[in-house]
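Asker: One structure, pasted below without further comment.
In the working numbering, the protein residues as written are 18 to 91.
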């Protein structure tokens with residue numbers, strides 16, 4: 018899948034989709050194809066309101082699988 022081979026490309030083209038379909042885009046990001054730290058940095062810069070949503074969903078899915086860095090972002 019493209020997420021695994023070129024995550025930057027996926028993020029670059031995700032903004033339009035994120036604006037129109039935020040829930041689906043967050044689900045895509047949570048699917049694991051794009052590294053979480055990369056997603057977090059991207060959302061922090063381009064869509065801060067969705068950054069919190071992403072981190073909350075990630076934490077609810079796997080409390081122990083989230084890095085300390087991402088926990089601090091919450």
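Every residue, glycine too, gets a C-beta built ideally from N, C-alpha and C.
When the Cα atoms are used, what is the spatial distance from residue 65 to residue 37?
Answerer: Sequence index remark: in the chain shown, residue 65 carries index 48 (1-based). Sequence index remark: in the chain shown, residue 37 carries index 20 (1-based). The alpha-carbon atoms of residue 65 and residue 37 are separated by roughly 16 Å.
Asker: Which value, in whole angstroms, describes the spacing of the CA atoms of residue 44 and residue 55?
Answerer: As a first step, residue 44 is located in the chain shown; it is residue number 27 there, counting from the start. As a first step, residue 55 is located in the chain shown; it is residue number 38 there, counting from the start. Each residue's alpha carbon lies about 15 Å from the other.
Asker: If you draw a straight line from the C-alpha of residue 31 to the C-alpha of residue 40, how long is it?
Answerer: Start at 1 with the first residue of the chain shown, and residue 31 comes out as number 14. Start at 1 with the first residue of the chain shown, and residue 40 comes out as number 23. Computed Cα separation, rounded: 12 Å.
Asker: What are the boundary residues of the alpha helix (DSSP H) that includes residue 56?
Answerer: The residue you call residue 56 lines up with position 39 of the chain shown. Note, residue 56: alpha helix (DSSP H), 53-63.
Asker: Which value, in whole angstroms, describes the spacing of the CA atoms of residue 67 and residue 60?
Answerer: Taking the chain shown and counting its residues from 1, the one referred to as residue 67 is at position 50. Taking the chain shown and counting its residues from 1, the one referred to as residue 60 is at position 43. Answer to the nearest angstrom: the Cα atoms are 6 Å apart.
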